[in-house]
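Residue numbers (the working numbering): 6 to 318.
Just so it is clear, CB atoms sit at the ideal spot from N, CA and C, and this is done for glycine as well.
Below is one structure, written out as structure tokens; the observations come after it.
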Ligand SMILES: NC(=O)c1ccc[n+]([C@@H]2O[C@H](COP(=O)([O-])OP(=O)(O)OC[C@H]3O[C@@H](n4cnc5c(N)ncnc54)[C@H](O)[C@@H]3O)[C@@H](O)[C@H]2O)c1
């Protein structure tokens with residue numbers, strides 16, 4: 006049982022939903038958005054208009070058009086004709102459970118319902134679905150989804166393999182980089198990687214090893230540049246020189262494990278929080294959040310384009 010996905014309904018047009026809308030439009034899909042906030046439509050239009058030039062730079066798919074965006078504040082109207090739902094509503098389990106139960110009641114069984122949830126499990130979200138919980142899946146983007154390719158796909162106890170395979174194939178067909186998680190974890194995976202790194206950064210700052218600013222420099226002018234090209238295991242292959250990953254595992258894994266044993270547990274108190282805030286403010290140099298986000302997105306777009314050019318896509 007499968008259908009072509011031509012029309013995506015995005016529920017909730019806040020930070021993540023607006024970006025998904027821009028992404029799906031750029032990929033030439035029909036998008037209908039729904040949100041209950043009185044200002045949602047105006048905010049969504051403003052967001053997509055601001056994002057569109059970058060999406061044009063990335064390359065629009067055939068047929069991509071801002072005219073293919075619809076908006077309906079009434080959920081059931083918006084859901085009519087949906088091929089896939091990308092749910093981006095508030096991160097509250099009671100809200101999502103009721104919403105999924107309702108959508109499960111009214112949507113044909115082969116419509117995938119994908120949640121962007123960062124912190125809830127699909128097992129919990131689909132708990133009240135009585136008809137076809139097997140078509141519900143987590144499709145967790147990395148912010149902002151119209152720029153960052155990663156999507157973490159993970160099912161719940163009642164999600165079918167077919168749904169997971171269809172979701173993976175759908176995201177991949179749009180140029181996303183979906184990864185499949187075989188177990189549900191708090192924070193999925195990418196946010197856990199961020200948490201692991203940040204734990205050690207905070208620990209070293211707290212221990213007085215280096216400043217907040219230099220910890221950021223160490224990441225973004227050091228390994229962070231390489232992480233944007235290849236993941237850590239592939240990096241070790243390069244680190245192993247001519248012997249590659251085999252040499253690394255044989256000769257360099259032991260010293261690395263030695264460092265792992267010394268990693269710390271920061272005590273996050275008010276002083277540490279204040280130090281981080283001051284360290285971030287020192288780096289801003291008058292630039293707003295929007296200006297920094299725009300600059301970051303431009304660099305990432307350049308990096309993604311270069312990946313294509315050198316064959317590392
Ligand atoms: N913010 C992030 O960085 C991020 C990243 C990845 C995933 N997520 C996930 O995406 C989801 C949305 O997060 P967000 O940060 O965009 O939140 P947000 O608060 O910015 O947006 C939520 C939107 O849902 C709308 N809404 C509330 N009730 C609604 C209803 N009944 N019907 C339709 N819309 C309704 C709100 O008006 C709001 O616009 C969450 O599940 C979150 O975990 C967030």
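Problem - Validate contact between the segment 87 to 100 and the segment 153 to 168 using beta carbons, cut 8 Å, 3 pairs - result: no
Exercise for the section: May I ask you to check if the CB of residue 115 is nearer than 7 Å to at least one heavy atom of ligand 1? Expected result: no
Exercise for the section: List the whole-angstrom C-beta distance separating residue 306 from residue 153, where the pair is believed to meet the contact cut-off of C-beta under 8 Å. Expected result: Incorrect: roughly 11 Å between the Cβ atoms, too far for contact.
Exercise for the section: Determine the direct distance from the alpha carbon of residue 115 to that of residue 8, and round the result to whole angstroms. Expected result: 7 Å
Exercise for the section: Answer yes or no: the CB of residue 58 versus the heavy atoms of ligand 1, is any distance below 7 Å? Expected result: Checking the Cβ of residue 58 against ligand 1 gives no.
Practice task
Please indicate yes or no: does the CB of residue 80 lie closer than 7 Å to some heavy atom of ligand 1?
Solution key: Yes, ligand 1 has a heavy atom inside 7 Å of this Cβ.
Practice task
Give me the Cβ distance between residue 331 and residue 14, rounded to the nearest whole Å; I'm assuming they're in contact under 8 Å.
Solution key: Here the chain has residues from 6 to 318 only, and residue 331 is not among them.
Exercise for the section: Run the proximity test for residue 15: is its beta-carbon closer than 7 Å to any non-hydrogen atom belonging to ligand 1? Expected result: No; taking the cut-off as 7 Å, the Cβ of residue 15 has no heavy atom of ligand 1 nearer than that.
Problem - Where residue 157 falls: helix, strand or coil (DSSP) - result: strand
Exercise for the section: Buried or exposed for residue 126, please, with buried defined as at least 16 other CB atoms from any protein chain shown within 10 angstroms of its CB. Expected result: Label assigned to residue 126: buried.
Problem - Touch test, the segment 266 to 277 against the segment 191 to 211, Cβ-Cβ under 8 Å, three pairs minimum - result: yes
Problem - Runs of alpha helix (DSSP H) lying entirely within the segment 77 to 159, each at least 4 residues, in chain order - result: Qualifying alpha helix (DSSP H) stretches, in chain order: 80 to 84, 98 to 111, 127 to 130.
Handout entry: N-terminal and C-terminal residue of the alpha helix (DSSP H) that residue 275 is part of
Key = 275 to 289
Problem - Continuous alpha helix (DSSP H) stretch holding residue 194: start and end - result: Note, residue 194: premise wrong, no alpha helix (DSSP H); not H, not E.
Exercise for the section: Output the distance between the C-alpha atoms of residue 228 and residue 238, rounded to the nearest integer angstrom. Expected result: 13 Å
Practice task
State whether the segment 15 to 32 contacts the segment 52 to 59, with contact taken as three or more CB pairs (one from each stretch) at a distance under 8 Å.
Solution key: yes
Exercise for the section: Report buried or exposed for residue 293, applying the criterion of at least 16 other Cβ atoms within 10 angstroms of its Cβ. Expected result: exposed
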